[in-house]
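So for the sequence shown, this note's numbering puts the first residue at 7; every next one is plus one.
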Amino acid sequence: MGRVVYAIREFKAGDLDQVININRLCLPENYAPYFFMENYKRFPHSFLVAEVLDRVVGYVMGRVENSYSLLKTFKNGHIISIAVLPNYRRMGIGESLIKSVEKSFKNYYGVHKLTLEVRVTNLPAISLYRKLGFRIKNKLMCYYQDGENAYLMEKLLT
Ligand SMILES: CC(C)(COP(=O)(O)OP(=O)(O)OC[C@H]1O[C@@H](n2cnc3c(N)ncnc32)[C@H](O)[C@@H]1OP(=O)(O)O)[C@@H](O)C(=O)NCCC(=O)NCCS
């Protein structure tokens, strides 16, 4: 497929079925509908979709987590899941989703850094994250249910 016009917008409840379909098609880590809806209710600004002519073709779901150090609270924007339908890949949609969620995390929730986990063999995703400034922070052994290791990747925001 060549170039395509897409829009990035916040998730709404009516997108749930399409997001669940994309998640099941693209990733081994699948979640129950309530998990998506709970995240949406708690952090509506960091759950985004990419749309082409009224069809959802990709999504990114994030949540805010707090960490504490020396009387200070640090807010971490955790990217829980991202996927783009196979026919719509390599068009910049994944990159737009991450850049948009980074902005939302910063503007709505004041996060200090972004984090995510990725399978060590998932080279497309690792390349995308590196391109956008994420760095490998740690290796998490047997992180996934099938025993595969993960990289914990992180991007500090200024
Ligand atoms: C990872 C994923 C979201 C990328 O989405 P995408 O829309 O194809 O990504 P983009 O077109 O925005 O690519 C941006 C950059 O990422 C990198 N990239 C993306 N796909 C790549 C691939 N197959 N091989 C190498 N690099 C790749 C490139 O640096 C690319 O920039 P370039 O096109 O200028 O070279 C998509 O491949 C996907 O849904 N994969 C299955 C689900 C998944 O693995 N999610 C991540 C779980 S942690």
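We put the beta carbon where it would ideally sit given N, CA and C, even for glycine.
Small disclaimer: the values here were computed from a predicted structure and weren't measured.
Could you check the C-alpha separation between residue i and residue j for me, to the nearest Å?
i, j, result
"residue 11", "residue 58", "6 Å"
"residue 37", "residue 26", "8 Å"
"residue 153", "residue 102", "31 Å"
"residue 124", "residue 106", "19 Å"
"residue 18", "residue 76", "38 Å"
"residue 131", "residue 149", "17 Å"
"residue 42", "residue 22", "8 Å"
"residue 71", "residue 82", "5 Å"
"residue 93", "residue 30", "15 Å"
"residue 24", "residue 40", "14 Å"
Residue j and residue i - do their beta-carbons sit closer together than 7 Å?
i, j, result
"residue 65", "residue 55", "yes"
"residue 53", "residue 67", "yes"
"residue 145", "residue 120", "no"
"residue 51", "residue 69", "no"
"residue 143", "residue 158", "yes"
"residue 155", "residue 117", "no"
"residue 89", "residue 33", "yes"
For the beta strand (DSSP E) that residue i lies in, which residues bound it at each end?
i, result
"residue 80", "78-90"
"residue 62", "61-75"
"residue 134", "That residue, residue 134, is in no beta strand (DSSP E); its alpha helix (DSSP H) goes 129-137."
"residue 140", "Looking at the DSSP string, residue 140 is not in any beta strand (DSSP E), and its letter there is neither H nor E."
"residue 161", "156-162"
"residue 107", "Not the beta strand (DSSP E): residue 107 falls in the alpha helix (DSSP H), residues 99-115."
"residue 19", "Unbroken run through residue 19: none, as it is neither H nor E."
"residue 55", "53-58"
Can you give me the start and stop residues for the alpha helix (DSSP H) that residue i sits inside?
i, result
"residue 43", "39-48"
"residue 25", "22-32"
Pull up the CB-CB distance for residue i and residue j, whole angstroms please, since I reckon it's below 8 Å.
i, j, result
"residue 87", "residue 16", "That belief does not hold up - the Cβ atoms of residue 87 and residue 16 are roughly 16 Å apart, past 8 Å."
"residue 28", "residue 62", "7 Å"
"residue 122", "residue 114", "Contact flag wrong, Cβ pair sits at about 18 Å."
**Prompt:** Do the region 91-100 and the region 109-124 meet, that is, are 3 or more Cβ pairs less than 8 Å apart?
**Reply:** Counting Cβ pairs under 8 Å, fewer than three are found: no touch.
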